[in-house]
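Presented below is the structure to which this report refers.
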Amino acid sequence: MLSALLGKKVGMTQVYDDAGKLHPVTVVQAGPCTVLQVKTSETDGYNAVQIGYDEVKVHRAMKPQIGHAAKADAKPQKFMREIRLADAEGAEAGAKLTVDVFEEVQYVDVVGVSKGKGFAGGMKRHHFGGMSASHGTKRQHRRGGSINGHGTNLGTGPKPKKGKRMPGHMGHAKCTSRNHSLVGVDKENNLLLIKGPIPGANGGYVVVRRSKTAKVKA
Amino acid sequence: MSQELLNKAAAGSMKTETPKFSVGDTVQVHVRIVEGDKERVQMFSGTVIGKKGSGITETFTVRRIVNNEGVERVFPMHSPKVADVEVIRRGKARRAKLYFLRDRVGKATRLKEIREPSKKEKAAAAKTAAKKAAEAEDAAAEAEAQPAEAVAEKV
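Sequence lines, in order, name chains A and B.
Heads up: the first sequence begins at 181 in the working numbering, then just goes up one per residue.
Heads up: the second sequence begins at 28 in the working numbering, then just goes up one per residue.
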């Protein structure tokens with residue numbers, strides 16, 4: 181069944197486990213989420229549920245939002261995402277999802293929007309090495325170096341190759357961080373304790389789902 | 028709001044009562060050590076030269092000299108492995124961090140002790156306090172009596 185939730189990054193802290201080990205954790209306030217729509221292969225060609233998090237006051241929402249949510253007997257939601265399912269059986273529009281869906285889940289992936297870094301140089305953006313500090317280097321210590329020559333390997337004349345890594349805007353992009361172990365679930369306060377740092381600033385919206393890649397120890 | 032939630036998240040792993048000691052004290056830290064499936068308690072004694080952080084991240088540093096070599100250990104205040112902190116001697120410290128002890132050797136590393144008054148001294152102090160209180164009472168009674176007389180004379 182579904183094991184994904186939408187939430188808000190709260191911040192980082194630390195907790196001890198039963199063995200007395202200290203874990204750095206990111207606290208995510210996840211859910212309660214509302215199922216706004218169920219998509220099935222018969223009607224939409226694939227199985228999924230659309231879930232929403234963080235209610236918007238009705239007078240602040242737009243009419244299409246209100247109407248769409250009303251179909252599921254819900255209030256309009258600020259943050260909505262679709263979660264693919266193998267089969268949509270048992271999913272029902274209007275249902276509430278809480279952190280209970282993460283029971284027995286060991287590892288999670290977190291999808292968020294990374295912090296924006298503005299226009300960044302090659303050294304910061306792509307981990308270029310930069311140039312020598314000495315040996316006659318003049319005013320180009322942090323430059324990326326040559327981007328193409330006369331005969332480029334594109335074969336179409338002296339133009340840089342498509343996708344050449346260069347300075348540019350960095351961050352504020354969708355970012356998935358995989359295989360975080362789920363250290364704890366606080367049902368009372370709807371909190372997930374996820375080991376390690378996750379993308380985005382505090383207060384940013386994130387999708388937390390059961391890890392697709394982690395090898396779970398039996 | 029978010030700080031509240033963070034505190035709630037960490038509340039489960041914090042001690043309800045942290046050991047009471049202050050910077051400058053000579054302490055004995057009881058450290059739980061697990062070897063295989065056996066657990067034992069090891070002692071580390073020395074001078075507390077600083078406390079750092081707050082909430083679950085709070086730590087304290089204990090310094091001692093082993094084989095003529097200074098050894099400092101940083102303990103997390105809320106770690107379950109720190110079973111107990113026993114105060115052996117209370118030292119007088121006029122600053123929060125006693126890093127100056129790192130440059131000192133031998134006798135110079137000693138701190139002035141804050142002594143708890145002994146039973147005898149306590150008894151003596153109580154006696155003098157009682158005496159003073161009694162004197163004050165007498166004086167107050169006299170002061171009250173005088174204006175009353177003055178009023179009577181006027182009438």
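Backbone N, C-alpha and C fix where the C-beta goes; we use that ideal spot for every residue, glycine too.
Distance CB(residue i)-CB(residue j) smaller than 8 Å
i, j, result
"residue 261 (chain A)", "residue 388 (chain A)", "no"
"residue 369 (chain A)", "residue 32 (chain B)", "yes"
"residue 78 (chain B)", "residue 71 (chain B)", "no"
"residue 65 (chain B)", "residue 200 (chain A)", "no"
"residue 232 (chain A)", "residue 214 (chain A)", "yes"
"residue 206 (chain A)", "residue 219 (chain A)", "no"
"residue 116 (chain B)", "residue 140 (chain B)", "yes"
"residue 328 (chain A)", "residue 339 (chain A)", "yes"
"residue 374 (chain A)", "residue 363 (chain A)", "yes"
"residue 246 (chain A)", "residue 184 (chain A)", "no"
"residue 217 (chain A)", "residue 230 (chain A)", "yes"
"residue 29 (chain B)", "residue 383 (chain A)", "yes"
Straight-line Cα distance separating residue j from residue i
i, j, result
"residue 298 (chain A)", "residue 127 (chain B)", "44 Å"
"residue 106 (chain B)", "residue 195 (chain A)", "9 Å"
"residue 277 (chain A)", "residue 291 (chain A)", "18 Å"
"residue 381 (chain A)", "residue 114 (chain B)", "43 Å"
"residue 51 (chain B)", "residue 131 (chain B)", "15 Å"
"residue 48 (chain B)", "residue 75 (chain B)", "9 Å"
"residue 170 (chain B)", "residue 110 (chain B)", "59 Å"
"residue 228 (chain A)", "residue 203 (chain A)", "34 Å"
"residue 166 (chain B)", "residue 157 (chain B)", "14 Å"
"residue 137 (chain B)", "residue 39 (chain B)", "39 Å"
"residue 300 (chain A)", "residue 253 (chain A)", "46 Å"
"residue 324 (chain A)", "residue 270 (chain A)", "54 Å"
"residue 85 (chain B)", "residue 124 (chain B)", "14 Å"
"residue 36 (chain B)", "residue 46 (chain B)", "22 Å"
"residue 145 (chain B)", "residue 151 (chain B)", "10 Å"
"residue 400 (chain A)", "residue 344 (chain A)", "This structure cannot speak to residue 400 (chain A), because chain A is shown only from 181 to 398."
"residue 154 (chain B)", "residue 104 (chain B)", "41 Å"
"residue 133 (chain B)", "residue 148 (chain B)", "32 Å"
"residue 44 (chain B)", "residue 82 (chain B)", "12 Å"
Whole-number beta carbon distance between residue j and residue i, since they are thought to touch under 8 Å
i, j, result
"residue 56 (chain B)", "residue 112 (chain B)", "5 Å"
"residue 286 (chain A)", "residue 361 (chain A)", "6 Å"
"residue 391 (chain A)", "residue 288 (chain A)", "5 Å"
"residue 346 (chain A)", "residue 296 (chain A)", "Contact flag wrong, Cβ pair sits at about 18 Å."
"residue 251 (chain A)", "residue 238 (chain A)", "Actually they are not in contact, since the Cβ atoms of residue 251 (chain A) and residue 238 (chain A) sit about 15 Å apart, beyond 8 Å."
"residue 293 (chain A)", "residue 352 (chain A)", "6 Å"
"residue 118 (chain B)", "residue 91 (chain B)", "Actually they do not touch by this definition, with Cβ atoms about 13 Å apart."
Residues bridged to residue i [DSSP beta-bridge criterion]
i, result
"residue 349 (chain A)", "A:299"
"residue 230 (chain A)", "A:217, A:262"
"residue 366 (chain A)", "A:371"
"residue 33 (chain B)", "Note: residue 33 (chain B) sits in no beta bridge, so no partner."
"residue 356 (chain A)", "A:291"
"residue 341 (chain A)", "DSSP, once it has assigned bridges, lists no residue as partnering residue 341 (chain A)."
"residue 361 (chain A)", "A:287"
Legend entry - Runs of beta strand (DSSP E) lying entirely within the segment 197-226 of chain A, each at least 3 residues, in chain order: 202-210, 213-219
Inset, instruction - Any chance you could list the alpha helix (DSSP H) runs of at least 4 consecutive residues sitting entirely within the segment 87-169 of chain B, in chain order? - result: none
Legend entry - Runs of alpha helix (DSSP H) lying entirely within the segment 269-314 of chain A, each at least 4 residues, in chain order: 302-306
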